[in-house]
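Read left to right, the sequence shown gives residues 32 to 244 (the numbering used here).
For glycine and all other residues, C-beta sits at the position ideal for the given N, C-alpha and C.
These numbers come from a predicted model, not from an experiment.
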Amino acid sequence: MRGVFITIEGGEGVGKSTQGRELARRLRAAGVTVLETREPGGTPAGDRIRDLVLDPAAHMAPVTELLLYEASRAELVSAVIEPALERGEFVLCDRFYDSSTAYQSYGRGLDPDLVGTLNMNATGGLRPDLTVYLALDPDHGVPRATTGGADRIEAEPDDFHRRVLAGFEAIAAAEPDRVVRVDASGDVAQVADRVWDAVSSHPAVGALLNGFW
Ligand SMILES: Nc1ncnc2c1ncn2[C@@H]1O[C@H](COP(=O)(O)OP(=O)(O)OP(=O)(O)O)[C@@H](O)[C@H]1O
Ligand SMILES: [Mg+2]
Numbered sequence: 032m033r034g035v036f037i038t039i040e041g042g043e044g045v046g047k048s049t050q051g052r053e054l055a056r057r058l059r060a061a062g063v064t065v066l067e068t069r070e071p072g073g074t075p076a077g078d079r080i081r082d083l084v085l086d087p088a089a090h091m092a093p094v095t096e097l098l099l100y101e102a103s104r105a106e107l108v109s110a111v112i113e114p115a116l117e118r119g120e121f122v123l124c125d126r127f128y129d130s131s132t133a134y135q136s137y138g139r140g141l142d143p144d145l146v147g148t149l150n151m152n153a154t155g156g157l158r159p160d161l162t163v164y165l166a167l168d169p170d171h172g173v174p175r176a177t178t179g180g181a182d183r184i185e186a187e188p189d190d191f192h193r194r195v196l197a198g199f200e201a202i203a204a205a206e207p208d209r210v211v212r213v214d215a216s217g218d219v220a221q222v223a224d225r226v227w228d229a230v231s232s233h234p235a236v237g238a239l240l241n242g243f244w
């Protein structure tokens, strides 16, 4: 049986990595095999792209940035995500194509059709079964993400992060069956409980999990 593909999305410092780890722990406790990965990165080529794309010293035109994220994504899907899904595993990915829509289209102002076309081609049409969108105001998320220094994206001004937020909100509103919006305010344990409620009750996941219980 084919596995389940879950992505975690949201702006800077909203808790994607923290909540991803906790969600993976709970899924494993429920008896499923989980592969955790992230974007950009998750492959040797992708990790090198990550270093470049997040380097505060790198100059990058918006379309350069888009193509680098898409290149990392194409490699991750073909080398890591698709094989794991074919093995029947749960794949948990920290960011995926919604981040390109939110950051490169809403944030940078690139043509949404271009971003959509590249998203489609980089993924070979792979769509998450479920996307957990962690919703948090940039006033709370960005400072968390930048203690210890800001990467090239985190260093963008507040209006950029607000456009990204609007992008994620629009995606969540447009695809309510795939994207579950979770309030990411409050402490880590509170958010983790909200994430678990959303994931374990989702049709793409709930039925499979019940098979293990
Ligand atoms: N609910 C929370 N309350 C307070 N601090 C939190 C909460 N969740 C995460 N943090 C802290 O905020 C920081 C950012 O969290 P995390 O790395 O999980 O976010 P992220 O969305 O993955 O960030 P990035 O966009 O940088 O990848 C970390 O130091 C983490 O410990
Ligand atoms: Mg993170």
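Extent of the continuous beta strand (DSSP E) run through residue i
{"i": "residue 11", "result": "What the structure shows of the chain is the stretch from 32 to 244, and residue 11 is not part of that stretch, so it cannot be assessed."}
{"i": "residue 66", "result": "65-69"}
Coil, strand or helix - residue i by DSSP
{"i": "residue 112", "result": "helix"}
{"i": "residue 208", "result": "coil"}
{"i": "residue 213", "result": "strand"}
{"i": "residue 40", "result": "strand"}
{"i": "residue 129", "result": "helix"}
{"i": "residue 146", "result": "helix"}
{"i": "residue 107", "result": "helix"}
{"i": "residue 157", "result": "coil"}
{"i": "residue 239", "result": "helix"}
Cβ distance (whole Å) where residue i is taken to contact residue j below 8 Å
{"i": "residue 42", "j": "residue 149", "result": "The pair is not a contact, with the Cβ atoms about 21 Å apart (cut-off 8 Å)."}
{"i": "residue 163", "j": "residue 63", "result": "Not quite, the Cβ-Cβ distance comes to about 16 Å (not below 8 Å), so this is no contact."}
{"i": "residue 74", "j": "residue 111", "result": "6 Å"}
{"i": "residue 215", "j": "residue 165", "result": "4 Å"}
Distance, residue j Cα to residue i Cα
{"i": "residue 212", "j": "residue 116", "result": "24 Å"}
{"i": "residue 190", "j": "residue 146", "result": "21 Å"}
{"i": "residue 193", "j": "residue 86", "result": "22 Å"}
{"i": "residue 185", "j": "residue 108", "result": "25 Å"}
{"i": "residue 51", "j": "residue 142", "result": "30 Å"}
{"i": "residue 236", "j": "residue 120", "result": "12 Å"}
{"i": "residue 221", "j": "residue 187", "result": "29 Å"}
{"i": "residue 104", "j": "residue 128", "result": "8 Å"}
{"i": "residue 155", "j": "residue 60", "result": "31 Å"}
{"i": "residue 239", "j": "residue 89", "result": "44 Å"}
{"i": "residue 174", "j": "residue 203", "result": "24 Å"}
{"i": "residue 125", "j": "residue 176", "result": "15 Å"}
{"i": "residue 229", "j": "residue 71", "result": "25 Å"}
{"i": "residue 106", "j": "residue 93", "result": "20 Å"}
{"i": "residue 172", "j": "residue 33", "result": "35 Å"}
{"i": "residue 66", "j": "residue 48", "result": "14 Å"}
{"i": "residue 140", "j": "residue 130", "result": "13 Å"}
Start and end residues, alpha helix (DSSP H) containing residue i
{"i": "residue 162", "result": "Premise fails: residue 162 lies in the beta strand (DSSP E), 161-166, not in any alpha helix (DSSP H)."}
{"i": "residue 78", "result": "75-85"}
{"i": "residue 58", "result": "47-60"}
{"i": "residue 232", "result": "Segment: none, residue 232 is in no alpha helix (DSSP H) and carries neither H nor E."}
{"i": "residue 172", "result": "169-177"}
Quiz item: Just checking, does the segment 134-146 make contact with the segment 96-106 on the three C-beta pairs under 8 Å criterion?
Solution: In short, these stretches touch, since the Cβ pair count reaches three.
Quiz item: Taking three-plus beta-carbon pairs below 8 Å as touching, is the segment 149-161 in contact with the segment 180-187?
Solution: Result no; under three Cβ-Cβ pairs closer than 8 Å.
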